[in-house]
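Protein chains in written order, with my numbering: chain A, 1 to 209; chain B, 210 to 383. Even glycine gets a Cβ: it sits at the ideal position worked out from N, Cα and C. First comes the structure, then the notes that go with it.
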């Protein structure tokens with residue numbers, strides 16, 4: 001009986017240890033997997049749930065919608081809750097459709113916006129090879145996910161995004177969760193579910209006109 | 210000497226006027242509650258949309274605007290005599306822009322009498338404040354229950370228009 005309890009306790013401790021984030025044991029394997037996945041990836045379609053946590057206010061703001069990505073630089077976030085709202089990034093152009101009205105902006109006219117767009121695309125798609133040396137990256141893992149912490153070096157970028165945490169599924173190296181911190185207490189979470197890869201052919205949803 | 214009848218009519222009129230006046234000056238957030246409103250901004254051909262979240266605190270309202278995508282546009286604390294900027298995106302950090310926004314938020318969240326009543330029709334009132342660059346026109350629309358449904362704020366000199374309205378949540382899937 002004593003032996004059985006010891007075995008159970010050791011098993012529980014081992015399981016707890018596996019669930020705790022730890023430094024990535026095999027960085028070479030991680031980098032190879034990341035590169036292979038990025039090379040093969042042409043498109044992503046998924047559902048997403050966005051939770052904006054505001055520490056001062058006692059409730060989270062939850063939004064839902066569908067996420068689309070088409071290689072190289074096309075992203076669409078089609079919100080259905082709390083209301084219909086559409087964001088399309090196509091290269092250097094940004095389109096927002098809200099309240100039945102459309103706005104189109106050039107992202108490359110503003111260095112800061114351009115950098116943010118590159119960063120958001122890289123993080124949502126999980127293509128960390130795109131992250132240049134303007135960011136400091138650290139890598140951890142648990143039994144199911146790789147956890148990548150990203151800290152911008154630029155003071156200007158830090159004013160908007162102080163840090164980012166990306167959780168990549170070990171099963172397919174796709175982004176399960178992205179958390180963007182505005183400061184120590186406030187952040188926005190994006191959780192991606194029901195993902196489909198390399199099946200999107202129609203470019204029309206990324207049209208910016 | 211004033212007759213009793215006349216005195217009664219005068220008293221009732223004063224009470225009615227006071228009640229009507231205080232009703233008009235009610236802020237759009239109920240004390241102790243967090244209110245969410247849809248915020249639309251139209252400036253120079255661009256239309257932006259987000260959410261305005263406000264809460265009354267012991268020192269006054271805390272108000273935050275966020276884009277639907279997530280990032281915070283501004284986060285202010287309005288005390289009785291000052292505006293504390295907790296965070297704010299760069300283009301809005303200019304003192305004149307902050308002053309204008311502070312006045313709008315005070316009319317919205319503290320006391321509507323901060324802007325002078327110019328015209329009143331059933332379910333709608335028009336208020337104005339400031340001159341020149343700082344001129345603001347507020348159109349306030351009420352629903353059948355007498356609650357504020359929409360506030361339209363126009364800054365004609367800088368061609369800026371803001372609409373704050375009840376957040377009518379809807380889903381494409383529903």
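### Task
In angstroms with no decimal places, state the Cα-to-Cα distance between residue 257 of chain B and residue 169 of chain A.
34 Å
(Q) What does the Cβ neighbour count give for residue 180 of chain A, buried or exposed, with the cut at 16 atoms within 10 Å? (A) buried
**Q.** Local conformation of residue 137 of chain A per DSSP, three classes
**A.** strand
Checklist entry - What is the DSSP secondary structure of residue 223 of chain A, reduced to helix, strand or coil? => result Coverage of chain A is limited to positions 1 through 209, which leaves residue 223 of chain A absent and any answer about it impossible.
### Message
Residues of chain B with CB closer than 8 Å to the CB of residue 61 of chain A, please, in chain order.
### Response
245, 260, 262, 275
Q) How should residue 260 of chain B be labelled, buried or exposed, when 16 other C-beta atoms within 10 angstroms of its C-beta is the threshold for buried? A) buried
Nearest-angstrom Cα separation, counted from residue 255 of chain B out to residue 224 of chain B = Bear in mind that a pLDDT of 40 at residue 224 of chain B, under 50, signals an unreliable position, so the number given afterwards is only what the model happens to contain. C-alpha separation (whole angstroms): 46 Å.
Residues that residue 87 of chain A contacts on chain B, provided the C-beta gap is smaller than 7 Å: 278
**Asked** Does any C-beta atom of chain A lie closer than 8 Å to the C-beta of residue 288 of chain B?
**Response** no
> Secondary structure at residue 122 of chain A, three-state DSSP: helix, strand or coil?
Replying inline: helix
- Exposed or buried, residue 126 of chain A, counting other C-beta atoms within 10 Å across all chains shown (16 or more means buried)? buried
- Query: Taking Cβ positions, are residue 281 of chain B and residue 288 of chain B nearer each other than 8 Å?
  - Reply: no
Q: Kindly examine the ligand PLP and report whether one of its heavy atoms sits closer than 7 Å to the Cβ of residue 367 of chain B.
A: Summarising the ligand content, the structure contains no ligands, and the ligand PLP is consequently not present.
Check: Mapping DSSP to helix, strand and coil, what is residue 109 of chain A?
Finding: helix
With C-beta atoms as the reference, is residue 279 of chain B less than 8 Å away from residue 102 of chain A? no
message: Check whether chain A comes within 8 Å of residue 376 of chain B, counting only Cβ atoms and requiring the distance to be less than that.
response: yes
- Item | Inter-residue spacing [alpha-carbon to alpha-carbon] between residue 192 of chain A and residue 66 of chain A | 9 Å
**Study point:** Residue environment, residue 63 of chain A, which counts as buried when at least 16 other CB atoms sit within 10 Å
**Key:** buried
Tell me, please, whether the CB atom of residue 281 of chain B is closer than 8 Å to any CB atom in chain A?
yes
Open item on the list: Excluding the 5 residues flanking residue 54 of chain A on each side, which residues of the same chain have their C-beta closer than 6 Å to its C-beta?
Closed with: 186
Note to self: Assuming residue 316 of chain B is part of the alpha helix (DSSP H), what are its boundary residues?
What the structure shows: 304 to 318
| task | Leaving out five residues on either side along the sequence, give the residues of the same chain with a beta carbon under 8 Å from the beta carbon of residue 108 of chain A. | result | 92, 114
query: To the nearest angstrom, how far is it from the Cα of residue 31 of chain A to the Cα of residue 188 of chain A?
result: 27 Å
Can you tell me whether residue 114 of chain A is helix, strand or coil according to DSSP? helix
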